[in-house]
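Student: Have a look at this one.
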Amino acid sequence: MSAVSQILTVERVSELRAALDVARRDGGSVGLVPTMGYLHEGHQSLVARSAAENDLTAVSIFVNPLQFAEGEDYGTYPRDMERDREMCAAAGAGLIFAPPVEEVYPQTPVTAVSVKGLNAVLEGQFRPTHFDGVTTVVAKLFAMLGPGRAYFGEKDYQQLAIIHRMAADLSLPVEVVGCPTFREPDGLAMSSRNVYLTAEERPAATVLWRSLQAGRDAVVDGSRDPGEVEAVMDAVLAAEPKVSPDYAAVVDAATLERPDVLVGELRLLIAARLGRARLIDNIGVDCDRL
Ligand code: PAF
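Going by the working numbering, the sequence shown wraps up at 290, each residue one higher than the last.
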């Protein structure tokens, strides 16, 4: 039997819990990889890591309306369930949870999880309701599946930091595991939304990675002034006229605050628009280990 025909796909929470009860009956551990589908190799690396560390890996595939604002791409977000099933199976997942919207939100939710402060900076300045939508659905997924571990990509670094904080603040019995960003050979971070880039736009998209590397090199070369490092990143971005940056920032890796002087573990983050796509990327640098 092929791996894809063996992978169980469920749409209802009751079926999901029944399947997970069986998996956990003899002490089996469950890892969760939450996704919005249209999977790529970066997602597969999360599934493979979970499969190596847990007895059963569940992948949720749910395009969460709560994290999209009016005018964003909720309606056109790319979807391909058959391909996703194959990719999950190939990477070692045992179960897919692919609920319809009414299964996750049987009534309009009036309860939200909001990680204050962290949800308002960087992406939060451009997408003010986004992270509350993310944390609310991730908290619901944790409640529905009860995973021991959950895997998220560092590509969405702010999301990862927010989910870490949510799990800590709410004493959720889940280990949040951050995993490295997967890149195309030319450095572009893999993202489901890269499909929006046209052939003419695609080469310009590498400017985010080039700018991040230039910023990191400035820190490695001794710059401890955030304004100076951001100016280096801005200059690289400005040389690519097709790209309109929203921000290029250097922040403390844990608090996401912009320090006066660069010390300890830092994260450099960029968001920029390119045609229909809005791209984000980031890189880490630890001043104490240079
Ligand atoms: O990163 C994503 O794909 C989504 O934000 C997540 C974590 C699956 C929540 O919808």
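Note that CB positions come from ideal geometry on N, CA and C, so glycine has one too. In this text the structure is predicted, and so the values were computed from the model without any measurement.
Helix or strand or just coil, what does DSSP make of phenylalanine 126?
Tutor: As a first step, residue 126 is located in the sequence shown; it is residue number 126 there, counting from the start. Residue state, collapsed to three classes: helix.
Student: Go ahead and label proline 128 buried or exposed: buried means 16 or more other beta carbons lie within 10 angstroms of its beta carbon, across all protein chains shown.
Tutor: Taking the sequence shown and counting its residues from 1, the one referred to as residue 128 is at position 128. By the Cβ-count criterion, proline 128 is exposed, with fewer than 16 other Cβ atoms from all chains shown falling within 10 Å of its own Cβ.
Student: How would you write the range of the alpha helix (DSSP H) that alanine 231 sits in, first residue to last?
Tutor: Counting from one through the sequence shown, the residue named residue 231 turns up at place 231. Element bounds for alanine 231: 226-238.
Student: Excluding the 5 residues preceding and the 5 following alanine 204 in the sequence, name in chain order all residues of the same chain whose CB lies nearer than 7 Å to its CB.
Tutor: The residue labelled residue 204 in the question sits at position 204 within the sequence shown. Answer for alanine 204: Glu240, Lys242, Val243 and Leu274, listed in chain order.
Student: Provide the residue(s) that pair with serine 244 in DSSP beta bridges, ordered along the chain.
Tutor: As a working mapping, residue 244 is identified with position 244 in the sequence shown. Beta-bridge pairing links serine 244 to Arg273.
Student: Mind listing, in chain order, the residues whose beta carbon lies closer than 6 Å to a non-hydrogen atom of the ligand NAP?
Tutor: By its list of ligands, the structure shown excludes the ligand NAP, since it contains just the ligand PAF.
Student: Kindly indicate the opening and closing residues of the alpha helix (DSSP H) around alanine 91.
Tutor: As a working mapping, residue 91 is identified with position 91 in the sequence shown. For alanine 91, the enclosing alpha helix (DSSP H) begins and ends at 81-91.
Student: If we ignore side chains and look at the alpha-carbon of each, how far apart do valine 236 and glycine 264 end up?
Tutor: Taking the first residue of the sequence shown as 1, we reach residue 236 at position 236. Taking the first residue of the sequence shown as 1, we reach residue 264 at position 264. For valine 236 and glycine 264, the distance between alpha carbons rounds to 25 Å.
Student: Are the C-beta atoms of arginine 165 and some chain C residue less than 9 Å apart?
Tutor: Judged by its chain identifiers, the structure shown contains no chain C, having just a single protein chain.
Student: What residue range is occupied by the uninterrupted alpha helix (DSSP H) comprising arginine 216?
Tutor: If you number the sequence shown from 1, residue 216 lands on position 216. Its alpha helix (DSSP H) spans residues 207-220.
Student: By DSSP, does leucine 172 sit in helix, in strand, or in coil?
Tutor: For this step, residue 172 is matched to residue 172 along the sequence shown. Looking at leucine 172 - three-state DSSP - the assignment turns out to be coil, as it is neither helix nor strand.
Student: Give me whichever residues DSSP pairs with serine 60 in a beta bridge.
Tutor: If you number the sequence shown from 1, residue 60 lands on position 60. Looking at the DSSP assignment, serine 60 forms a beta bridge with Pro34 and Phe97.
Student: Quick check on this structure: which residue in Val138, Arg258 and Gly124 has the alpha carbon closest to the alpha carbon of tyrosine 105?
Tutor: Here residue 105 is taken as the residue at index 105 of the sequence shown, counted from 1. Ranking the options by Cα distance to tyrosine 105, first place goes to Val138.
Student: DSSP puts cysteine 179 in a beta bridge; with which residues?
Tutor: Translated into the one-based positions of the sequence shown, residue 179 becomes position 179. In DSSP, cysteine 179 forms a bridge with Gly153.
Student: For isoleucine 163, name the three-state secondary structure that DSSP assigns.
Tutor: On the sequence shown, residue 163 is found 163 positions in, with the first residue counted as 1. If DSSP states are grouped into helix, strand and coil, isoleucine 163 belongs with the helices.
Student: What's the C-alpha gap between leucine 141 and proline 34?
Tutor: Taking the first residue of the sequence shown as position 1, residue 141 is located at position 141. Taking the first residue of the sequence shown as position 1, residue 34 is located at position 34. One C-alpha to the other measures close to 8 Å.
Student: Is valine 176 near alanine 150, with beta carbons less than 9 Å apart?
Tutor: In the sequence shown, counting from the first residue as 1, residue 176 sits at position 176. In the sequence shown, counting from the first residue as 1, residue 150 sits at position 150. Contact: yes.
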